[in-house]
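This report concerns only the one structure given below.
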Amino acid sequence: MENTRVVLASRPKGWVTEDNFRIERVPVAPPREGEVLVKNLWLSLDPYMRGRMSDAKSYVKGVDIGEVMVGQTVGEVLESKNTGFKPGDKVLTQLGWQLFGVARDVVKLKDLQVPLSYYLGILGMPGMTAFFGLKEIGQPKEGETLVVSAASGAVGSVVGQLGKLSGCRVVGIAGGPEKCGYVVKELGFDACVDYKAGRLYEDLKAACPKGVDVSFENVGGEILDTLLRLMNVGARIVVCGLISEYNAAEPYGYRNMRAVLVNRIRMQGMIVFDWKERYGEALKALAGYLAQGKLKYRESVVEGIENSPKGLIALLKGGNFGKQLVRLA
Ligand SMILES: NC(=O)c1ccc[n+]([C@@H]2O[C@H](COP(=O)([O-])OP(=O)(O)OC[C@H]3O[C@@H](n4cnc5c(N)ncnc54)[C@H](OP(=O)(O)O)[C@@H]3O)[C@@H](O)[C@H]2O)c1
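One rule links them: number in the working numbering = place in the sequence shown (from 1) + 288.
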């Protein structure tokens with residue numbers, strides 16, 4: 289059997305290009321004792337992958353040149369040398385950008401009431417990020433104003449809907465009228481500001497007449513700097529992601545940090561796997577809301593492993609509309 293895999297060919301300088309990847313075809317290795325052979329069905333594409341293509345120091349080591357690109361997949365066990373798994377089991381893996389792989393640290397997906405791809409999105413890492421980032425760091429209270437950037441995306445869409453369930457006024461920020469329309473009409477946010485319209489401060493001020501109590505920051509740069517001018521005393525900023533800076537040659541120069549001091553703002557970074565012991569709690573809550581029709585969810589699908597590089601490049605430029613996935617089978 290032949291495996292198709294995508295490896296890191298070179299490190300990007302600025303924007304990622306297709307030349308940074310190489311597609312390889314190699315034989316599939318058989319599983320050894322304790323391992324399973326998995327056929328990947330879905331690959332998740334996520335903004336953190338841009339960081340892993342770099343060799344700069346981060347919270348996790350980057351991908352080496354020639355190594356398979358990192359990523360979560362859901363797949364099916366084809367062959368098992370591990371007593372905990374049998375052929376046909378559906379599993380969550382870290383096998384990365386490839387059609388087949390051998391692993392020992394996969395997680396069996398049980399009680400499948402939703403499409404398998406949801407375990408890479410709303411019931412997977414992005415859903416956990418939204419749940420713990422908002423609940424534990426944002427700590428929204430009824431009647432407060434919550435602003436969420438990248439609002440139509442995998443994390444942002446869940447954050448905003450959870451914010452509504454907590455009784456907040458929820459304002460999204462997204463690129464373009466189509467995404468903003470979806471955020472308000474489909475996801476039920478109270479308002480959405482199109483940051484590409486060129487009136488960011490004025491539009492945010494109008495959408496947040498009582499100021500901002502919680503900012504769930506997925507974008508950083510000008511959006512975060514502008515929000516700082518609107519934050520209330522005692523506000524919280526959840527620094528979840530800074531996607532506007534991932535491809536930038538220079539870090540953004542923040543001008544409004546004085547607001548943090550004057551308004552006693554708590555600004556805290558988060559990395560989702562700090563809550564890995566509690567993923568079950570989030571899974572139960574999010575699956576429950578989904579089953580009750582209280583959470584809406586959207587996916588953006590690229591077809592075929594060969595198109596994974598195009599998918600990641602599009603995601604980093606806002607070409608996705610909802611959770612970005614690659615259908616592998
Ligand atoms: N800390 C953690 O543990 C953790 C875990 C998961 C994700 N994250 C972070 O959460 C953020 C969202 O991730 P996701 O997986 O949910 O991705 P996503 O929101 O589904 O997709 C990324 C979105 O970012 C927006 N974007 C890209 N460049 C932008 C720019 N220059 N200015 C404004 N918006 C821009 C685009 O939306 P528009 O079309 O609206 O611009 C794009 O659709 C990312 O920053 C990611 O790194 C962090």
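We treat Cβ as the ideally placed atom computed from N, Cα and C, and that holds for glycine. Keep in mind that this is a model prediction, so the values were computed, not measured.
Own chain, CB closer than 6 Å to residue i, minus 5 neighbours either side, in chain order
i      : result
Ser588 : Asn608, Phe609, Gly610, Gln612
Ala438 : Gly444, Asn506, Val507
Near ligand 1: residue i beta-carbon under 6 Å from a heavy atom
i      : result
Ser503 : no
Asn535 : no
Tyr250 : Residue 250 cannot be examined here, being either before or after the span of the chain that is shown, 289 to 617.
Gly463 : yes
Met519 : no
Ser532 : yes
Ala479 : no
Cys528 : yes
7 Å Cβ shell around residue i - same chain, five flanking residues per side excluded
i      : result
Cys528 : Thr417, Gly421, Val443, Phe504, Glu505, Asn506, Met558
Ser342 : Arg299, Gly350
Ala573 : Phe419
For residue i, the nearest candidate out of the options (CA to CA)
i      : options                        : result
Ile511 : Tyr542, Tyr534, Lys498         : Tyr542
Ser596 : Gly581, Leu434, Leu616, Leu578 : Leu616
Gly376 : Leu397, Ala391, Val356, Asp478 : Leu397
Val394 : Val550, Thr371, Val356, Ala494 : Thr371
Gln556 : Ala495, Met413, Ala523         : Ala523
Ala602 : Val314, Asn535, Leu450, Ile553 : Asn535
Gln401 : Glu594, Val590, Gly576         : Gly576
Asp399 : Leu571, Cys496, Ile311, Leu515 : Leu571
Whole-Å CB distance - residue i paired with residue j, under 8 Å assumed
i      : j      : result
Tyr331 : Thr361 : The identity of residue 331 in the sequence shown is Leu, whereas the question assumes Tyr. At roughly 5 Å, the Cβ-Cβ gap stays under 8 Å, so Leu331 and Thr361 are in contact.
Leu583 : Ile410 : 7 Å
Val304 : Leu600 : 6 Å
Pro414 : Leu604 : Not quite, the Cβ-Cβ distance comes to about 15 Å (not below 8 Å), so this is no contact.
DSSP three-state assignment for residue i, whether helix, strand or coil
i      : result
Asn506 : coil
Met545 : coil
Ile511 : helix
Ile525 : strand
Asp478 : coil
Ala536 : coil
Val642 : There is simply no residue 642 to check, as the chain begins at 289 and stops at 617 in what is shown.
Cβ shell of residue i (< 8 Å), same chain only, five flanking positions each side left out
i      : result
Phe388 : Met289, Asn291, Val316, Leu325, Val326, Lys327, Asn328, Leu366
Lys493 : Leu518
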